[in-house]
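Peer 1:
Residue numbers (the working numbering): 86 to 173.
#1: With respect to the alpha helix (DSSP H) encompassing residue 111, which residues constitute its N-terminal and C-terminal limits?
#2: If you reduce the DSSP assignment to three classes, tell me which class residue 145 lands in.
#3: Does the distance between the C-beta of residue 99 and the nearest non-hydrogen atom of the ligand GTP fall short of 6 Å?
#4: Closest to residue 118 by C-alpha separation, out of 145, 97, 92 and 149, would be which residue?
#5: With a 10 Å radius around its C-beta and 16 neighbouring C-beta atoms as the bar for buried, classify residue 135 as buried or exposed.
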């Protein structure tokens, strides 16, 4: 699930769980725990306390780390672009 999709899902469910996520900081911590492990590592050290900032940074980290759908689907394995074939 992409960060954008997860944010929509998280925000929709958060409306029903106000008592479980009472502060903005708690909301950020809970959102962070639902991200890919690699994204959590990248973002946890920043201690972001604004939900909008956390989502934006998570989205940027997702793109850089290659978790976004476009990068994942177009990445080719084992061939360099423009490499010649070794068949005689």
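The C-beta atom is built at its ideal place from N, Cα and C for all residues, glycine as well.
Peer 2: Working from what's here:
#1: Numbered from its first residue, the chain shown carries residue 111 at position 26. Residue 111 -> alpha helix (DSSP H) spans 109-118.
#2: Numbered from its first residue, the chain shown carries residue 145 at position 60. Judged by DSSP in its simplified three-state form, residue 145 adopts helix.
#3: The ligand GTP is absent from the structure shown, which contains no ligands of any kind.
#4: On the chain shown, residue 118 is found 33 positions in, with the first residue counted as 1. Distance check between residue 118 and each of 145, 97, 92 and 149 places 92 closest, using alpha-carbon atoms only.
#5: Here residue 135 corresponds to residue number 50 of the chain shown, with the count starting at 1. With fewer than 16 neighbouring CB atoms inside 10 Å of its own CB, residue 135 falls in the exposed class.
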